[in-house]
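Below: the structure, in structure tokens.
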Amino acid sequence: MPELPDVETFRRYFEAASLFQQVTEVMIKETRILSEVTAQDLEIRLIGHQFESAQRRGKYLFTRLENQSWVVFHFGMTGSLQYFRDVEGEPAYTRFRIGFAQGNSLAYINVRKLGLITFTERLEDFIQMKNLGPDALEMSPEEFRKRLIDRRGSAKSILMDQSFLSGIGNIYSDEILFQAGIHPEQEVKQLDGKMISTLYNAMKEVLETAIEVRADTDRLPKTYIIPHRKKGGVCPKCGNTLIQERIGGRTGYYCPEHQRG
DNA sequence: CTAGATGTTAAGGT
DNA sequence: CACCTTAACATCTA
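Here the working numbering = 1-based position in the first sequence + 47.
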């Protein structure tokens with residue numbers, strides 16, 4: 048689930064109900080998700096404080112406290128956020144939760160525990176430490192082109208490279224390439240200027256569209272490939288059976304008709 | 001029962 | 001150095 052559009056949806060969700068309220072409770076139910084911070088440490092950093100804003104870069108969510116420090120969330124493959132009120136309302140697989148003075152709580156849910164929560168005084172340090180490239184929605188067409196031309200490798204693996212540009216994963220890279228009409232194994236150094244802008248535009252369009260529907264794949268346009276990404280799935284534009292192939296270590300899907308090498 | 005699943009990282013190879 | 005592949009992590013579902 049959590050690629051850029053999902054995390055942007057979480058960011059808005061967080062901002063809608065977690066700001067300007069005292070944190071009264073911090074419960075870490077699974078210490079494995081903590082990174083470079085102890086449960087006690089995080090508790091001390093949070094209790095009695097309040098959030099003032101939330102930012103996103105790629106697939107990371109950064110929530111800022113009134114003292115300008117940050118709690119960082121990454122959702123791995125199965126993470127999400129959910130508010131709830133009563134103890135009985137706590138969602139299954141809640142690994143971490145924050146209780147607010149008004150009585151509502153925020154749950155960080157993650158079945159597979161492949162995510163992280165940490166704390167940082169300075170965002171720039173964290174971003175540098177993770178070697179995170181610019182956010183996919185913040186990058187200008189010029190920068191995209193400039194950074195792309197001295198790269199080698201397949202289009203799909205480069206879109207998914209978080210140090211090249213952050214926010215795109217396996218699912219959305221398939222969609223972007225499908226909408227751009229580019230084969231996932233297309234060598235990027237072979238792309239001409241026109242194809243590079245087509246790719247850039249598809250990237251923007253797909254990510255923005257997905258954010259508009261709050262990353263709910265059921266509400267994506269009928270011409271999107273995402274709901275068809277499964278064995279035997281067909282192209283929503285021409286009905287051809289999609290090709291399933293391992294690319295860049297992940298299973299990708301593409302249409303042999305619309306995405307020629 | 002087994003394989004594979006939205007991510008990141010480390011390790012080894014080319 | 002840039003890139004590729006594989007494995008590992010934990011858990012569920014097809």
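Glycine included, C-beta positions come from ideal geometry on N, C-alpha and C.
- A Cβ-Cβ separation of about 7 Å places residue 145 in contact with residue 93 under the 8 Å criterion.
- Here residue 213 is bridged, per DSSP, to 182.
- Taking 8 Å as the cut-off, the beta carbon of residue 119 is found closer than this to the beta carbon of residue 166.
- DSSP places residue 153 in the uninterrupted beta strand (DSSP E) bounded by 152-157.
- Each residue's CA atom was taken as its position, placing residue 286 and residue 231 some 19 Å apart.
- Bounds of the alpha helix (DSSP H) holding residue 175 are 170-176.
- Between the alpha carbons of residue 192 and residue 211 lies a gap of roughly 11 Å.
- When rounded, the separation of the alpha-carbon atoms in residue 233 and residue 208 is 15 Å.
- In the structure shown, the three-state DSSP call for residue 272 is coil.
- When DSSP states are grouped into helix, strand and coil, residue 57 belongs to the helix group.
- With a cut-off of 8 Å on Cβ pairs, the stretch 233-244 is not in contact with the stretch 215-222, counting fewer than three such pairs.
- Sequence-distant Cβ neighbours of residue 308 in its own chain, meaning closer than 8 Å and more than five residues away, are 230, 232, 233.
- Residue 172 and residue 214 do not touch by the CB rule: their CB atoms are close to 20 Å apart, not below 8 Å.
- The beta carbon of residue 288 sits closer than 6 Å to those of 281, all from its chain and outside the five residues before and after it, given in chain order.
- Within the same chain, Cβ atoms closer than 6 Å to the Cβ of residue 116 are found at 168, the five residues on either side in sequence being excluded.
- Look at residue 79 here: in three-state DSSP terms it is helix.
- Per DSSP, residue 253 is one residue of the alpha helix (DSSP H) stretching across 240-259.
- The C-alpha of residue 148 is placed about 30 Å away from the C-alpha of residue 258.
- Assignment of residue 220 by DSSP, reduced to helix, strand and coil, places it in the helix class.
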